[in-house]
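Each protein sequence line maps, in turn, to chains A and B. Counting from 1272, one number per residue, gives the positions in the first sequence under the numbering used here. Counting from 1018, one number per residue, gives the positions in the second sequence under the numbering used here. We put the CB at the ideal spot given by N, CA and C, even for glycine. In what follows, a single structure is set out as structure tokens and then discussed.
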Amino acid sequence: MPDGGAALDVQGLKTVFRTRGGEVHAVNDVSFDLKPGELLGVVGESGSGKSVTMMSLLGLLPSPPAEIRAGKVMFEGKNLLEVDPETLRSVRGGKIGFVFQDPMTSLNPVFTVGYQISEPLIKHMGMNKKQAMARSKELLELVGIPDADQRLMDYPHQFSGGMRQRVMIAIALACDPKVLIADEPTTALDVTIQAQILELMKELRDKLGMAVIWITHDLGVIAGIADRVLVMYGGQIVEHAPVRELFGNPKHPYTSALLKTIPTIRGERAKRLTIIEGQPPLMTAAPTSCPFRDRCDRAMPVCAQKNPPRIEVGNGHDAACFLEDPLEVANAG
Amino acid sequence: MLDDPQKPLVRVRDLKMHFPIHAGLLRRRVGEVKAVDGVNFDVIEGETLGLVGESGCGKSTCGRAVLRLYNITGGEIEIDGREIGNTPQSQLRDMRPTMQMVFQDPQASLNPRMTVEAIIKEPLDEHTTLNEAEKRDKVAELMDAVGLNRKFAKRYPHAFSGGQRQRIGIARALALNPKFIVCDEPIAALDVSIQAQVVNLLEDLQEKFGLTYLFISHDLSMVRHIATRVAVMYLGKIVELAERETLFAKPLHPYTEALLSAVPEPDPSLAAAVERIILQGDVPSPSNPPQGCNFCTRCPKVMDICKIDEPEYREVKPGQFTACHLYNETPTATSE
């Protein structure tokens, strides 16, 4: 995996939160790479560790309670988990942009939008105020905000939800990032506005050629936008595949179950929804067995004994499931 | 609409709910938010009417107004043969057992200091004359009905997961054997795999107790699953109402078309075939709706008349109601 071509390469990341009630193993041995110019989708339910993984990469988690126990995050030849805070700060908001879920809480209400877009330009690109404002205007135009000139002087509350998310994207794009991490950027938006933002993202990615990590719980969004997909469950990557392969030929029982639980507005309407019984795991200890075992209808004895590794099942497709290991299936009889 | 073969349990006519805006030093009334502005619909006994729309379109307000959780600005509401639109709150008390509500956020709608048993028992305390033992039995029965372990009756809401909390909320709504339940985004706060559990439970309960639902949601695919008929709201008005299959297969109103096309398709092979209608701009403010049709500022099929006259909400095809000038008698350039 660690070829020189990856824009970002994550190996064996482990993040643990220490709480009063004990430890929570939020991210367990997560490895993936991101190729230049691709859009990598990350899906999972709440608590599956998708946001924590991305926050860990950039050192955005407060420590304590968070603790990164192991792993390597290679970006431009440097391990981001080991660099000094100064370097990390220059990477964040510079070469790696971040768009958060809720545009209202991530913009500062007392500064104008223009000021907030200029800030990274002045800090990271060494522009003066005037240059920064001129560039801010270009950025607002790029993300499709009309009357950019006037809107620069407006405050976040004067923008609608969709417009605010566009502003957030403009800030994240300000310094020509190589990598953009978008954490549920459309979850707080309505479907018609979401459709606008998705179109915009696809357009910008083609135009600017950056690599994007798109975190969401919405499989529909992933289907429409991603090139490759990581499915997370219980703090682990349980399946990884190109998007068409994932939807057409899911290998992990969790992925198949998840695909069956969602009703669609097109195609056949199911009489009754398929459900996944039970609850997600608590993750209070490092996993010693498959995290999906309790809810899996194809569980075997081996699933309770050890945690399945990610097994290659096809070209660029792997699943962390013993069902894909002929030896284990044979053992189970 | 009036000569429906089935009996409507709920009849809503020209429902209006306006909230005043006060401003200035003297808090003078300077305008109003027309959250619900002239809405007509029936809910037929035993059916599920889905009410969909984007945030701010007034769907939740509409649901709450129908149960008279607000004092409405105007219009008529009839539930189970009784007019409740203009009845004072004090006289509504004996109607309350018939009509109940399941709220969106199970975290906020359950009192953290009450045990599950106390929460489900409260409506029984208020409205029935059962003795303590009978009430306890009834609570245990309700917990069974919604799939909660009755051993957990003495626990507090924080000890339950989101899906289980929503079950507590549903048990409470069922306590008084209601006929009509307004479900206000009951699954919006839940994870996908848990959503399906709650939706299946609602369907089971409907069959078992003969319930009638008004199911408010912004999730169109879930509404397609659960609803018998669907109403689409935009900026305080219903723009279209039809049988589920008709609405999803052959929507009439341009807003419904755009809304349906915007729903992301989880199947990539189908996704490519979806013709997306990307609406420009944002929803106008409900305190200052545009002249004419509310949708005229974003409508891809807008005509001159749309900016002048408000279209009438009427039955265009049997069972399919819409408010759009494209379907008025004067045959204009309809581009279907």
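Could you run through the stretch 1326 to 1340 of chain A and flag, in chain order, every residue whose CB is less than 8 Å away from some CB of chain B?
So the list is empty, because no residue satisfies the distance condition.
Beta carbons nearer than 8 Å to chain A: which residues of the stretch 1224 to 1257 of chain B have them?
H1235, L1237, S1238, M1239, R1241 and H1242
Could you check what DSSP says for V1029 of chain B in three-state terms: helix, strand or coil?
Stepping through the second sequence from its first residue, residue 1029 of chain B is reached at position 12. Reduced to three states, the DSSP call for V1029 of chain B is strand.
N- and C-terminal bounds of the alpha helix (DSSP H) containing S1407 of chain A
Numbered from 1 along the first sequence, position 136 holds the residue referred to as residue 1407 of chain A. Its alpha helix (DSSP H) spans residues K1400 to L1413.
Contacts around G1102 of chain B, its chain only, beta-carbon distance under 7 Å, and the 5 residues preceding and following it disregarded
Here the question's residue 1102 of chain B lines up with position 85 in the second sequence. These residues qualify, in order along the chain: I1089, G1092, E1093 and I1094.
Along the chain, where does the beta strand (DSSP E) that runs through G1293 of chain A open and close?
Start at 1 with the first residue of the first sequence, and residue 1293 of chain A comes out as number 22. That run of the beta strand (DSSP E) goes G1293 to L1305.
Whether E1470 of chain A touches I1295 of chain B by CB criterion (8 Å)
Position 199 of the first sequence holds residue 1470 of chain A. Position 278 of the second sequence holds residue 1295 of chain B. Closer than 8 Å, so yes.
Would you verify that the beta carbon of S1107 of chain B is, or is not, closer than 8 Å to some beta carbon of chain C?
As a matter of chain content, chain C is missing from the structure shown, whose protein chains are A and B.
Is it true that the stretch 1451 to 1459 of chain A meets the stretch 1352 to 1369 of chain A, where meeting means three or more beta-carbon pairs spaced less than 8 Å apart?
yes
Under a three-way DSSP split, which group does H1523 of chain A fall into?
For this step, residue 1523 of chain A is matched to residue 252 along the first sequence. H1523 of chain A falls in the coil class under three-state DSSP.
Going by the CB atoms, is the gap between P1303 of chain B and G1073 of chain B shorter than 8 Å?
By one-based count along the second sequence, residue 1073 of chain B stands at place 56. By one-based count along the second sequence, residue 1303 of chain B stands at place 286. A contact, by the Cβ cut-off of 8 Å.
Within 8 Å, strictly: CB atoms of M1375 of chain A and R1435 of chain A:
Residue 1375 of chain A sits at position 104 when you count from the first residue of the first sequence. Residue 1435 of chain A sits at position 164 when you count from the first residue of the first sequence. The answer is yes: Cβ separation under 8 Å.
Take I1547 of chain A and list the residues in its own chain whose beta-carbon comes closer than 7 Å to its own, dropping the five residues that flank it on each side.
Position 276 of the first sequence, counted from the start, is the residue given in the question as residue 1547 of chain A. Excluding sequence neighbours, I1547 of chain A sits near A1528, T1532 and R1566.
Who are the neighbours of N1217 of chain B on chain A, taking C-beta pairs under 8 Å?
On the second sequence, position 200 is the one that residue 1217 of chain B refers to. The contacting residues are R1543, L1544 and I1546.
Spatial neighbours of A1562 of chain A within its chain, please: C-beta separation below 7 Å, excluding the five flanking residues on both sides.
Taking the first sequence and counting its residues from 1, one reaches residue 1562 of chain A at position 291. For the sequence presented, residue 1562 of chain A should be read as Pro rather than Ala. Same-chain partners within the cutoff: Y1504, G1505, Q1507 and P1552.
Going along chain A in order, which residues have a C-beta closer than 8 Å to the C-beta of A1279 of chain B?
As a position in the second sequence, residue 1279 of chain B is number 262, starting the count at 1. Simply V1462, T1463, Q1465 and A1466.
Are the CB atoms of A1590 of chain A and V1509 of chain A within a distance shorter than 8 Å?
As a working note, residue 1509 of chain A is residue 238 in the first sequence. As a working note, residue 1590 of chain A is residue 319 in the first sequence. Contact: yes.
Hey, would you say F1232 of chain B sits closer than 8 Å to G1067 of chain B, going by beta carbons?
The residue you call residue 1232 of chain B lines up with position 215 of the second sequence. The residue you call residue 1067 of chain B lines up with position 50 of the second sequence. A contact, by the Cβ cut-off of 8 Å.
On a Cα-Cα basis, can you pick out the residue from A:E1390, A:R1406, A:Y1426 and A:L1351 that is closest to V1381 of chain A?
What you label residue 1381 of chain A is simply residue 110 of the first sequence in a count that begins at 1. Selection A:E1390, A:R1406, A:Y1426 and A:L1351 evaluated against V1381 of chain A yields A:Y1426 as nearest (Cα-Cα).
Answer yes or no: do L1269 of chain B and Q1337 of chain B have a C-beta to C-beta separation smaller than 8 Å?
The sequence position of residue 1269 of chain B within the second sequence is 252, counting from 1. The sequence position of residue 1337 of chain B within the second sequence is 320, counting from 1. Yes.
List, in chain order, every chain A residue whose beta-carbon is nearer than 7 Å to that of S1072 of chain B.
Position 55 of the second sequence, counting from 1, holds the residue named residue 1072 of chain B. Residues of chain A passing the Cβ test: D1461.
R1110 of chain B (DSSP reduced to helix, strand or coil)
As a working note, residue 1110 of chain B is residue 93 in the second sequence. R1110 of chain B: helix per DSSP, three-state reduction.
Return the Cβ separation of A1082 of chain B and L1032 of chain B in integer angstroms, given the expectation that the two are a contact with Cβ distance under 8 Å.
Taking the first residue of the second sequence as position 1, residue 1082 of chain B is located at position 65. Taking the first residue of the second sequence as position 1, residue 1032 of chain B is located at position 15. Distance from A1082 of chain B to L1032 of chain B at the Cβ level is roughly 6 Å; contact confirmed, criterion being Cβ atoms closer than 8 Å.
As an exercise, report each continuous alpha helix (DSSP H) stretch of at least 4 residues that is fully enclosed by the stretch 1436 to 1510 of chain A, in chain order.
Counting whole runs of 4 or more residues, the stretch 1436 to 1510 of chain A contains the alpha helix (DSSP H) stretches 1462 to 1479 and 1490 to 1496.
Between G1587 of chain A and chain B, is there a C-beta pair that is closer than 8 Å?
Residue 1587 of chain A sits at position 316 when you count from the first residue of the first sequence. With 8 Å as the cut-off, G1587 of chain A does not count as an interface residue toward chain B.
Under 8 Å by beta carbon: chain B residues contacting H1488 of chain A
Within the first sequence, the letter at position 217 stands for residue 1488 of chain A. What H1488 of chain A touches in chain B: D1208 and V1209.
Would you say Y1293 of chain B faces chain A, with C-beta separation under 8 Å as the test?
The residue labelled residue 1293 of chain B in the question sits at position 276 within the second sequence. The amino acid occupying residue 1293 of chain B in the given sequence is Arg; Tyr does not appear at that position. Closer than 8 Å to some Cβ of chain A, the Cβ of R1293 of chain B qualifies, so yes.
Note the first and the last residue of the continuous alpha helix (DSSP H) segment covering Y1426 of chain A.
Counting from one through the first sequence, the residue named residue 1426 of chain A turns up at place 155. Run containing Y1426 of chain A: none; DSSP gives neither H nor E here.
Work out the CA separation of L1332 of chain A and M1326 of chain A for me, nearest whole Å.
Indexing the first sequence from 1 puts residue 1326 of chain A at position 55. Indexing the first sequence from 1 puts residue 1332 of chain A at position 61. Their backbone Cα atoms lie some 6 Å apart in a straight line.
Would you say V1119 of chain B and A1190 of chain B are within 8 Å of each other, going by their C-beta atoms?
Stepping through the second sequence from its first residue, residue 1119 of chain B is reached at position 102. Stepping through the second sequence from its first residue, residue 1190 of chain B is reached at position 173. Going by C-beta atoms, V1119 of chain B is nearer than 8 Å to A1190 of chain B.
Opposite P1513 of chain A in the DSSP bridges: which residues?
Taking the first sequence and counting its residues from 1, one reaches residue 1513 of chain A at position 242. In the DSSP assignment, the residues bridged to P1513 of chain A are A:R1499.
Just verifying my parser: in three-state terms, what is the DSSP assignment at Q1576 of chain A?
What you label residue 1576 of chain A is simply residue 305 of the first sequence in a count that begins at 1. Residue state, collapsed to three classes: helix.
Tell me which residue opens and which closes the beta strand (DSSP E) that Y1330 of chain B is part of.
Residue mapping note: residue 1330 of chain B aligns to position 313 of the second sequence, counting from 1. From DSSP, the beta strand (DSSP E) with Y1330 of chain B extends over Y1330 to K1334.
From the DSSP secondary-structure annotation, give me the bridge partner or partners of R1363 of chain A.
Taking the first residue of the first sequence as 1, we reach residue 1363 of chain A at position 92. Bridge partners of R1363 of chain A: A:I1367.
Using a Cβ-Cβ cut-off of 8 Å, state whether A1213 of chain B counts as contacting chain A.
Position 196 of the second sequence holds residue 1213 of chain B. Any Cβ of chain A closer than 8 Å to the Cβ of A1213 of chain B would place that residue at the interface, and such an atom is present.
Out of B:Y1230, B:R1153, B:P1285 and B:I1204, which has the shortest C-alpha to C-alpha gap to G1080 of chain B?
Numbered from 1 along the second sequence, position 63 holds the residue referred to as residue 1080 of chain B. By alpha-carbon distance to G1080 of chain B, the top candidate from B:Y1230, B:R1153, B:P1285 and B:I1204 is B:Y1230.
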